[in-house]
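Heads up: the sequence shown at position 177 corresponds to 193 in the working numbering, and the numbers run straight through without jumps. Written below as structure tokens is the structure these notes are about.
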Amino acid sequence: MQRVGGAAGDDPVVALVKNVAGRALQSPKVRVGMVLWAVGLFFMLLAPGLHTVTPEMKSTYEGMVVDAANMPEYHEAYAHYREAQAYADEAKVWFWRVREPYKTLVYERQPSADKWAAELARAERERENKMTEARAFVGLWSDFGLADVRGRFWGAFEKGKLFAQQQTFYHMIMRVLSARDEDVLSTVLNWVFVAVMNFTTGLLGALFYFCFSLVHMVFTYQPDPLSATAFVLLGFLGAASVVASYLFALYGMVASGVYVVGKVVVRDALEQERRQQQLRGAPQQR
């Protein structure tokens, strides 16, 4: 029996997608965008460091990092600050500002905590200066610089995904508690739509957060203005390429799933209509 509407492979939706994709690939702007996308992915995922770090430089860098992390004055200031602040907090009961002797005790103890807080801030600045010297020693375009930017990006990326997962979970809980009388298909489609929107919002927010973090990170390596500008642009391009790839894959997966489910629903509806017509025609044939 010949199927109506042509061969099984003549799907109008697939043909439309192929037609649109073919026309898009012929556009110069789309080709430039794909080249930039490939460059961004390469920078964020595979690019090696342009500045060679010798084993001697690596050993010196690691020694500078260890020296910055193990500052005795920093740990001493931190321990004294914790102790002094805890001692002052013991007197901070309810409404201590209008209660004696707690008000007097706080005013007597808090200056010591403030003094150690200032000392701790000074030690933190000194420690950060040492870390800046260590980063400047190996250079922004070294493997250490690329590992730093990739670590910051993937940290922001995971936070964006976690935000999306939490918001989607809360939405599901609220929808279950609302106890709406809806069919399973509508519930699943609503959940998918909310999940897609949450992942889009979360990853775009993570992208903007990473951009601000990237600018701060670049300045800690003390590069020249040209290198800093190029690194920031490539870092943003790489982050945007990864986020776009993830979102496009997500959209494609959702669109494919909705399309398949839609075809199944339409096929079942047509099959049910055909059976009803056969049942209505059966008495007439008798």
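Beta carbons: idealized from backbone N, C-alpha and C, even for Gly.
DSSP places E99 inside the alpha helix (DSSP H), whose first and last residues are P88 to D105. Here W110 is exposed, its C-beta having fewer than 16 other C-beta atoms within 10 Å.
For the set P88, G218 and V154, the Cα lying nearest the Cα of F179 is the one of G218. Assigned with DSSP and collapsed to three states, Q238 falls in coil, not helix or strand. Our two residues, M80 and A139, have alpha carbons roughly 16 Å apart in a direct line. Remark: C-beta atoms of A172 and A222 approach each other more closely than 8 Å.
The Cβ neighbour count for R151, taken over all protein chains shown within 10 Å, is at least 16; the residue is labelled buried. Around the beta carbon of V51, fewer than 16 other beta carbons sit within 10 angstroms, so the residue counts as exposed. Straight through space, the alpha carbons of G56 and A255 are spaced by roughly 7 Å. L156 carries a coil assignment under DSSP once its states are collapsed to helix, strand and coil.
The C-beta of L249 has fewer than 16 other C-beta atoms within 10 Å across all chains shown, which makes the residue exposed.
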